[in-house]
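To start, the structure under review is shown below, and the notes come after it.
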Amino acid sequence: MKRLVSLVIVLIIGLFVWSCSSMKYASVGGPNTGANTESVSNPQPSSSTLKYPKVNTINQTNMSVAEIKKAFSKIATDIHFKFNSYKLQPIDEYGINEEPTKILDRIAAFLKEHPNVRIRIEGNCDERGTIEYNLALGEKRAMAAKNYLVSEGIDPGRIEIISYGKSRPLDPAHNEYAWAKNRRDHFVIIK
345 MKRLVSLVIV LIIGLFVWSC SSMKYASVGG PNTGANTESV SNPQPSSSTL KYPKVNTINQ
405 TNMSVAEIKK AFSKIATDIH FKFNSYKLQP IDEYGINEEP TKILDRIAAF LKEHPNVRIR
465 IEGNCDERGT IEYNLALGEK RAMAAKNYLV SEGIDPGRIE IISYGKSRPL DPAHNEYAWA
525 KNRRDHFVII K
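Counting in the numbering used here, the sequence shown runs from 345 upward without gaps.
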């Protein structure tokens, strides 16, 4: 099992490195000039104090898609859920201490600064329950996060959701601590 996990990690890292090396720089405020470029609007500086790394708002013409993804990954940590729940509520159990709405507020602020960025919310569950039940619960978890972001002013067309149910455990162990880590929403930039 460890060998399989190691192989999957190596493949993911390899794909990430390959995809980053093949990306072109994002053009700001101008038209797309090629199939591999994306248009990213020049965001206005926010008047509120944000608790995530600020991107270079002075000269974003040199900000690549990889740099935008890196900045997003620093603020868009996974949010976790209690057993059999999809409610966005504070959690302090099994080594997880977080307030999901604070994380979602950071994500909403980032998306407001980058109006052309689209994300995917991936709903995940622990290994208990049937495949069908966990797929439905993972979808409800992803939808709860999406609804929160929409309530914060993010266009729902910029947010895609998917449920992986119990098929993508973050921690393959069979105990409460692993299950708590696996009950999560994961956020990924898709454009």
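Every residue, glycine too, gets a C-beta built ideally from N, C-alpha and C.
(Q) Could you tell me the alpha carbon to alpha carbon distance between A524 and Y438, rounded to whole angstroms? (A) 7 angstroms
Q: Specify whether the stretch 461-470 and the stretch 482-500 touch according to this definition: at least 3 beta carbon pairs, one from each stretch, less than 8 angstroms apart.
A: yes
Q: Find out if the Cβ-Cβ distance for the pair I463, I451 is shorter than 9 angstroms.
A: yes
Q: Within 10 angstroms of the Cβ of G509, are there 16 or more other Cβ atoms? Answer buried if so, exposed if not.
A: buried
Q) Assuming P444 contacts I423 under a Cβ cut-off of 8 angstroms, what Cβ separation, rounded to an integer in Å, is found between them? A) 4 angstroms
Q. Is D449 helix, strand or coil by DSSP?
A. helix
Q.
Closer than 8 angstroms to a non-hydrogen atom of the ligand MN - does that hold for the CB of G501?
A. Questions concerning the ligand MN fall outside what the structure shown contains, since it holds no ligand whatsoever.
Q | Exposure label - E476; buried when at least 16 CB within 10 Å | A | exposed
Q. According to DSSP, which residues form a beta bridge with L532?
A. The sequence shown places Val at residue 532, rather than the Leu named in the question. DSSP, once it has assigned bridges, lists R464 as partnering V532.
(Q) Quick check: what's the CA-CA separation for S365 versus S511? (A) In this prediction, S365 scores a pLDDT of 42, lower than 50, which makes its location untrustworthy; the coordinate-derived value is nonetheless stated afterwards. Cα to Cα, the separation comes out at about 29 angstroms.
Q. Does DSSP put Y521 in a helix, a strand or coil?
A. helix
(Q) Check this for me: beta carbons of L448 and E496, under 9 angstroms apart or not? (A) yes
(Q) Once DSSP output is grouped into helix, strand and coil, what is the label at Y477? (A) helix
Q. Thinking C-beta only, is H458 closer than 9 angstroms to I506?
A. no
(Q) Just to check my reading of the structure: D529 and A489 have Cβ atoms closer than 8 angstroms, yes? What is that Cβ distance to the nearest angstrom? (A) 5 angstroms
Q) Using the C-alpha atoms, what's the distance from K431 back to H518? A) 24 angstroms
Q. How big is the Cα-Cα spacing for F454 and P516?
A. 31 angstroms
Q: Classify N526 as helix, strand or coil using the three-state DSSP reduction.
A: helix
Q: May I have the straight-line CA-CA distance separating E382 from I534, to the nearest angstrom?
A: Any reading at E382 must be qualified, since the residue scores a pLDDT of 34, below 50, and its modelled position is unreliable; the value itself is stated next. So the alpha carbons of these two residues sit roughly 11 angstroms apart.
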